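Peer 1: Structure provided below as structure tokens; questions to follow.
There are 4 protein chains.
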Amino acid sequence: MDESAILLLHSADRKGLVSVIANFLFDHGGNILHADQHQDAELGLFFMRIEWSLRDFDLAERQFRKAFTPLAESLGLHWRVTFGRRRINVALLVSRYQHCLIDLLYRHQIGELDCNIAFIISNHEDAQPLAAFYGVPFHHIPVAAGRKDHAEQLQVELLRQHEAELVVLARYMQVLSAEFVALYPRQIINVHHSFLPAFVGAKPYHGAYERGVKLIGATSHYVTDVLDEGPIIEQDVTRISHRDRLEDLISKGRDLEKIVLSRAVRWHLEHRILCYGNKTVVFD
Amino acid sequence: MDESAILLLHSADRKGLVSVIANFLFDHGGNILHADQHQDAELGLFFMRIEWSLRDFDLAERQFRKAFTPLAESLGLHWRVTFGRRRINVALLVSRYQHCLIDLLYRHQIGELDCNIAFIISNHEDAQPLAAFYGVPFHHIPVAAGRKDHAEQLQVELLRQHEAELVVLARYMQVLSAEFVALYPRQIINVHHSFLPAFVGAKPYHGAYERGVKLIGATSHYVTDVLDEGPIIEQDVTRISHRDRLEDLISKGRDLEKIVLSRAVRWHLEHRILCYGNKTVVFD
Amino acid sequence: MDESAILLLHSADRKGLVSVIANFLFDHGGNILHADQHQDAELGLFFMRIEWSLRDFDLAERQFRKAFTPLAESLGLHWRVTFGRRRINVALLVSRYQHCLIDLLYRHQIGELDCNIAFIISNHEDAQPLAAFYGVPFHHIPVAAGRKDHAEQLQVELLRQHEAELVVLARYMQVLSAEFVALYPRQIINVHHSFLPAFVGAKPYHGAYERGVKLIGATSHYVTDVLDEGPIIEQDVTRISHRDRLEDLISKGRDLEKIVLSRAVRWHLEHRILCYGNKTVVFD
Amino acid sequence: MDESAILLLHSADRKGLVSVIANFLFDHGGNILHADQHQDAELGLFFMRIEWSLRDFDLAERQFRKAFTPLAESLGLHWRVTFGRRRINVALLVSRYQHCLIDLLYRHQIGELDCNIAFIISNHEDAQPLAAFYGVPFHHIPVAAGRKDHAEQLQVELLRQHEAELVVLARYMQVLSAEFVALYPRQIINVHHSFLPAFVGAKPYHGAYERGVKLIGATSHYVTDVLDEGPIIEQDVTRISHRDRLEDLISKGRDLEKIVLSRAVRWHLEHRILCYGNKTVVFD
Numbered sequence: 000m001d002e003s004a005i006l007l008l009h010s011a012d013r014k015g016l017v018s019v020i021a022n023f024l025f026d027h028g029g030n031i032l033h034a035d036q037h038q039d040a041e042l043g044l045f046f047m048r049i050e051w052s053l054r055d056f057d058l059a060e061r062q063f064r065k066a067f068t069p070l071a072e073s074l075g076l077h078w079r080v081t082f083g084r085r086r087i088n089v090a091l092l093v094s095r096y097q098h099c100l101i102d103l104l105y106r107h108q109i110g111e112l113d114c115n116i117a118f119i120i121s122n123h124e125d126a127q128p129l130a131a132f133y134g135v136p137f138h139h140i141p142v143a144a145g146r147k148d149h150a151e152q153l154q155v156e157l158l159r160q161h162e163a164e165l166v167v168l169a170r171y172m173q174v175l176s177a178e179f180v181a182l183y184p185r186q187i188i189n190v191h192h193s194f195l196p197a198f199v200g201a202k203p204y205h206g207a208y209e210r211g212v213k214l215i216g217a218t219s220h221y222v223t224d225v226l227d228e229g230p231i232i233e234q235d236v237t238r239i240s241h242r243d244r245l246e247d248l249i250s251k252g253r254d255l256e257k258i259v260l261s262r263a264v265r266w267h268l269e270h271r272i273l274c275y276g277n278k279t280v281v282f283d
Numbered sequence: 000m001d002e003s004a005i006l007l008l009h010s011a012d013r014k015g016l017v018s019v020i021a022n023f024l025f026d027h028g029g030n031i032l033h034a035d036q037h038q039d040a041e042l043g044l045f046f047m048r049i050e051w052s053l054r055d056f057d058l059a060e061r062q063f064r065k066a067f068t069p070l071a072e073s074l075g076l077h078w079r080v081t082f083g084r085r086r087i088n089v090a091l092l093v094s095r096y097q098h099c100l101i102d103l104l105y106r107h108q109i110g111e112l113d114c115n116i117a118f119i120i121s122n123h124e125d126a127q128p129l130a131a132f133y134g135v136p137f138h139h140i141p142v143a144a145g146r147k148d149h150a151e152q153l154q155v156e157l158l159r160q161h162e163a164e165l166v167v168l169a170r171y172m173q174v175l176s177a178e179f180v181a182l183y184p185r186q187i188i189n190v191h192h193s194f195l196p197a198f199v200g201a202k203p204y205h206g207a208y209e210r211g212v213k214l215i216g217a218t219s220h221y222v223t224d225v226l227d228e229g230p231i232i233e234q235d236v237t238r239i240s241h242r243d244r245l246e247d248l249i250s251k252g253r254d255l256e257k258i259v260l261s262r263a264v265r266w267h268l269e270h271r272i273l274c275y276g277n278k279t280v281v282f283d
Numbered sequence: 000m001d002e003s004a005i006l007l008l009h010s011a012d013r014k015g016l017v018s019v020i021a022n023f024l025f026d027h028g029g030n031i032l033h034a035d036q037h038q039d040a041e042l043g044l045f046f047m048r049i050e051w052s053l054r055d056f057d058l059a060e061r062q063f064r065k066a067f068t069p070l071a072e073s074l075g076l077h078w079r080v081t082f083g084r085r086r087i088n089v090a091l092l093v094s095r096y097q098h099c100l101i102d103l104l105y106r107h108q109i110g111e112l113d114c115n116i117a118f119i120i121s122n123h124e125d126a127q128p129l130a131a132f133y134g135v136p137f138h139h140i141p142v143a144a145g146r147k148d149h150a151e152q153l154q155v156e157l158l159r160q161h162e163a164e165l166v167v168l169a170r171y172m173q174v175l176s177a178e179f180v181a182l183y184p185r186q187i188i189n190v191h192h193s194f195l196p197a198f199v200g201a202k203p204y205h206g207a208y209e210r211g212v213k214l215i216g217a218t219s220h221y222v223t224d225v226l227d228e229g230p231i232i233e234q235d236v237t238r239i240s241h242r243d244r245l246e247d248l249i250s251k252g253r254d255l256e257k258i259v260l261s262r263a264v265r266w267h268l269e270h271r272i273l274c275y276g277n278k279t280v281v282f283d
Numbered sequence: 000m001d002e003s004a005i006l007l008l009h010s011a012d013r014k015g016l017v018s019v020i021a022n023f024l025f026d027h028g029g030n031i032l033h034a035d036q037h038q039d040a041e042l043g044l045f046f047m048r049i050e051w052s053l054r055d056f057d058l059a060e061r062q063f064r065k066a067f068t069p070l071a072e073s074l075g076l077h078w079r080v081t082f083g084r085r086r087i088n089v090a091l092l093v094s095r096y097q098h099c100l101i102d103l104l105y106r107h108q109i110g111e112l113d114c115n116i117a118f119i120i121s122n123h124e125d126a127q128p129l130a131a132f133y134g135v136p137f138h139h140i141p142v143a144a145g146r147k148d149h150a151e152q153l154q155v156e157l158l159r160q161h162e163a164e165l166v167v168l169a170r171y172m173q174v175l176s177a178e179f180v181a182l183y184p185r186q187i188i189n190v191h192h193s194f195l196p197a198f199v200g201a202k203p204y205h206g207a208y209e210r211g212v213k214l215i216g217a218t219s220h221y222v223t224d225v226l227d228e229g230p231i232i233e234q235d236v237t238r239i240s241h242r243d244r245l246e247d248l249i250s251k252g253r254d255l256e257k258i259v260l261s262r263a264v265r266w267h268l269e270h271r272i273l274c275y276g277n278k279t280v281v282f283d
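These protein sequence lines map, in sequence, to chains A, B, C and D. Anchor point for the first sequence: position 73 equals 72 in numbering that gives the first Met the number 0, and the numbering is continuous, going up by one each time. Anchor point for the second sequence: position 4 equals 3 in numbering that gives the first Met the number 0, and the numbering is continuous, going up by one each time. Anchor point for the third sequence: position 92 equals 91 in numbering that gives the first Met the number 0, and the numbering is continuous, going up by one each time. Anchor point for the fourth sequence: position 219 equals 218 in numbering that gives the first Met the number 0, and the numbering is continuous, going up by one each time.
What follows is the structure, given as structure tokens:
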């Protein structure tokens, strides 16, 4: 398969946008492989994901940026582009529960997640052997009471040193500070163990059990500085009944958490997600 | 198929309960057709639904009540029993949207809902022709601003007059008063157009659209005097995406509303639901 | 909302196609509202659905056809176009079971299905009152043993007379002849009460019950002259257990049948379906 | 939590059965924790799972068997009983794909699967490191063309030596001989990567892709000597679209396979499954 480039953009809707961009690519020898558009009529916004073959394309990434920038400015586009298979560096943060971590590491191993898993950070030591098994560097950074700032400082140093571009909270049970979050806007993905916005905050399975719901869910979302309020990327649910005890909810929930988190990470890596307002467009 | 009787009970758990009840039925010639138990270990409660054939059973309903009462008292049971196919009277309340009403009337017609649909009440006239088509009495009771008490008085008169034992709010858009609700404890079923407890209150589809969730849901529940907080009977969800506009959510939601409401009504009529605390046990 | 036009096309994939078509529309003042593409890399086929506003578009339908034809020929496109809200005539065929019919008629009434329901044909008289309620002409055409050709002749006459462009088999229990099918290629939609290709042929719920499956399904598809083998449009399933008797399967199945059939009809009416080989592309 | 015993039985239905068994347990001090019954009215069969506390129960397993046997014989019961938490020995057979194996090993590690994983057999060496990581003995038994009998001989020796009572085919890609299957009736669980009975045999994802289905599934079942025809234990499906290529089907299918296989193993270990004819009753 040839290499390809992906352009994601949004703008105030305007006539001819598709035409202008399609022409730009065509004029440089780009064969469009996939294109998906979306329009939010209410907000007057236009979203686009376009992927084209680099086989006969006559611009390298730097040249593309140079040539496309004036066009984008004249059209008022917000855009980002990715050329070829540049594997970004991903950091995984985890606490005690390892099901999401195992899941992500195996999916990465068999090629489902096209990235470089740079390292794992945990506030516990439990995941060390697993990290070793998969050959991923492991950093134990305990979070002492009242010293979260110190831990975050160490975390950020590691992220910078490895040039991490995506942080995945794979059941990391510490709330990140607003300062940390601000460093990685739309680059931190979390999994919440409920069907948000039901059961925000801690102990959602307990909440679901108490309320007597008939379905439980899990939600993956980008982290913003308001807890559990970031743009939702993916959700799924499963059926429960009165026969399920609290521990059954937790057990069934694990399967949901793995699935919604891994989908979110995959879609992020495949440049399928556009955020606007507090929502996401996922071009699947 | 022979006629059968159904006994629903709950109690503080105690040794030998199943044995005592099975013996009682056996001694009177009752062949157990179905039995289902559930135990809430945390609360120390025991729930049971038991159905037996009346073919060789030597007690009529009145005799059963007389014979079973002392036993039940000695065991501290809360119980209710139904003999044979007594069809209870059901009242349907509806406002403008008729999808749930149509659904219930057709299911009743083909035998899915074993009851007598006594009448329909609406604060609008829209459903009149449909009621006529199915031959169900229709009462138009407008709810004037500030005069809900008057409307409810008329509604209660009708309910009493027809000896209604179940009130189904098939997208009835008025909040019932605490007084009304108190007259029919665990006998009023509502459908809420969200996956409760997400998006309580009015305009849940708007809330779901704003929040950018990836699934929408519907919930059927018994009505208590705290709005949207009654025991949940059934829930279901369906997937949406950024491509769905608000009206698509509403349209997809209609299918969910019909399904969760009709299931709840059916289970109620089949004596499958036990309430405790603010939760339900549904013996399916 | 302004009127719009929709162009559906497929072709051997070729560079610049999106660009050429986008330009064509742009040059005539068309603002693209939605566009969706799909490429089958294996078969080397390209599919596109493009919808644009007619507000400032300077071509009427006839002019469009005249102007677009040479372009399409030079590019080797298979295409069809719809201008504005032309409501096509739809014929509903039904036998005894009315759940799908009721569902379609109500969805039509509230605006979910943007078409003209021209008439209902049935080999039974049961649906006559329902047709009358909704004010739709009803034709009772019995199918005598060995005289299906005669019945089909009458059916085709009606279809022609009313210029029907879509035939919906809403649980019509007669197999159509190859001759009939050939008259309406990709214009006859059927609902099969199983998850095809499991349980082809008659009595699929019996087959599902016998085999002890844990999910039952329903499938909507275009009718071809090979029974149950046409291109699948939509499928859905629901969970069952050993507690479900055959009649429960049938009852649960009805809800699936309504949903998959109505989705298929809606997508067809919204020009969202492209067929190729024996498969469908559904641009949702 | 106290230890408990579980009795599974089926019989021709007869009056008083529940009563007799409940009495037997009550007379020996057994407090019933859960009981579930099922009746197949058509076949006239009665199924029961009953679990009781051993805290005040006055019979040990051997005594129970001695005391219960004559009663069971007089009633014509087929039964089996388990006392306390006896962990059975389980053998896992796997080929190249490790997703099910990883899933089962982790679930076992965190306590979801209450058994002893005795060893892993594979016809490939790929899973060796994973087995070592979890400390499970690994046996590489290649299956040479035309020498399957030899491989099976070695497998059976290992199974006997370790007194394995359950064999799990965790994507083991060799068909077992009728002789092998006969040694472990209702003790071999397989996962098939389709929604059976659709797409039996090899390459079901290819079949699903060709047919253009809109949902793909996976099925766990007991192995009988007719390929893909054994009693179904669990099934699940997920939605696909024209956008999914064959490799996407395979990837999405992996998540289904893990879930349906692990549920089947868990239910088997918890003595929740009764087979009759070619179907299962799963007391969940």
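Every residue gets a Cβ at the ideal spot worked out from N, C-alpha and C, and that includes glycine. None of the values given here were measured: they were computed from a predicted structure.
Can you tell me which of the three DSSP states Asp224 of chain B falls into?
Peer 2: coil
Peer 1: Can you tell me the Cβ-Cβ gap for Leu92 of chain B and Leu165 of chain B, rounded? I've got them flagged as a contact below 8 angstroms.
Peer 2: The pair is not a contact, with the Cβ atoms about 11 angstroms apart (cut-off 8 angstroms).
Peer 1: Please confirm if Ala71 of chain D has its CB atom under 7 angstroms from at least one CB of chain B.
Peer 2: no
Peer 1: Taking just the CA atoms, how far does Gly134 of chain C sit from Arg64 of chain C?
Peer 2: 36 angstroms
Peer 1: Where Ser3 of chain D and Glu209 of chain C are concerned, what is the direct C-alpha to C-alpha distance, given to the nearest angstrom?
Peer 2: Ser3 of chain D and Glu209 of chain C: Cα-Cα distance of roughly 34 angstroms.
Peer 1: Which value, in whole angstroms, describes the spacing of the CA atoms of Gly15 of chain C and Asp148 of chain A?
Peer 2: About 53 angstroms.
Peer 1: Give me the Cα-Cα distance between His27 of chain D and His270 of chain D, rounded to the nearest whole angstrom.
Peer 2: 22 angstroms
Peer 1: What's the gap between the Cα of His138 of chain A and the Cα of Asp243 of chain A?
Peer 2: For His138 of chain A and Asp243 of chain A, the distance between alpha carbons rounds to 37 angstroms.
Peer 1: Closer than 7 angstroms, Cβ to any Cβ of chain D: which residues of the segment 110-124 of chain A, in chain order?
Peer 2: Glu111
Peer 1: So the candidates are B:Leu32, B:Asp12 and B:Leu268; which of them puts its Cα closest to the Cα of Asp39 of chain D?
Peer 2: Among B:Leu32, B:Asp12 and B:Leu268, the Cα nearest to that of Asp39 of chain D is on B:Leu32.
Peer 1: Taking one C-beta from the segment 93-103 of chain D and one from the segment 257-273 of chain D each time, how about it: are there three or more such pairs within less than 8 angstroms?
Peer 2: yes
Peer 1: Round the Cβ separation of Ile231 of chain A and Val264 of chain B to the nearest angstrom and send it over; I've been treating them as touching at under 8 angstroms.
Peer 2: About 32 angstroms; that fails the 8 angstroms criterion.
Peer 1: Run down chain C in chain order and give the residues with a C-beta less than 8 angstroms from the C-beta of Ala286 of chain A.
Peer 2: Summary: the structure shown does not reach residue 286 of chain A, with chain A confined to residues 0 through 283, and so no result is reported for it.
Peer 1: Counting only beta-carbon atoms, is Asp295 of chain D nearer than 7 angstroms to chain A?
Peer 2: Residue 295 of chain D lies beyond the stretch modelled for chain D, which goes from 0 to 283, so this question has no answer here.
Peer 1: In the DSSP assignment, find the beta strand (DSSP E) that holds Gln154 of chain C and state where it starts and stops.
Peer 2: Premise fails: Gln154 of chain C lies in the alpha helix (DSSP H), Lys147 to Gln160, not in any beta strand (DSSP E).
Peer 1: Would you give the residue range spanned by the alpha helix (DSSP H) that Leu245 of chain A belongs to?
Peer 2: Leu245 to Leu268
Peer 1: Is there contact here, the segment 217-224 of chain B with the segment 182-198 of chain B, by at least three beta-carbon pairs under 8 angstroms?
Peer 2: yes
Peer 1: Could you give the distance in angstroms between the alpha-carbon of Glu156 of chain D and the alpha-carbon of Leu8 of chain D?
Peer 2: 31 angstroms
Peer 1: Do Asp227 of chain C and Leu195 of chain C have their C-beta atoms within less than 7 angstroms of each other?
Peer 2: Cβ distance < 7 angstroms, so Asp227 of chain C and Leu195 of chain C count as in contact.
Peer 1: Using a Cβ-Cβ cutoff of 7 angstroms, what residues of the segment 268-279 of chain A are near chain B? List them in chain order.
Peer 2: Answer set for the segment 268-279 of chain A: Asn277, Lys278 and Thr279.
Peer 1: Taking DSSP's pairing of strands, which residues face Met47 of chain B in a bridge?
Peer 2: B:Leu8 and B:Gln36
Peer 1: For the beta strand (DSSP E) that contains Glu233 of chain A, what are its first and last residues?
Peer 2: Ile231 to Arg238
Peer 1: How about Val281 of chain C: is its C-beta nearer than 7 angstroms to some C-beta of chain A?
Peer 2: no
Peer 1: Give me whichever residues DSSP pairs with Val190 of chain D in a beta bridge.
Peer 2: D:Ser219
Peer 1: Roughly how many angstroms separate the alpha carbons of Asn189 of chain C and Ser10 of chain A, rounded to a whole number?
Peer 2: Computed Cα separation, rounded: 42 angstroms.
Peer 1: If we count Cβ pairs, one from each stretch, closer than 8 angstroms, do we get three or more for the segment 110-127 of chain C versus the segment 117-127 of chain B?
Peer 2: no
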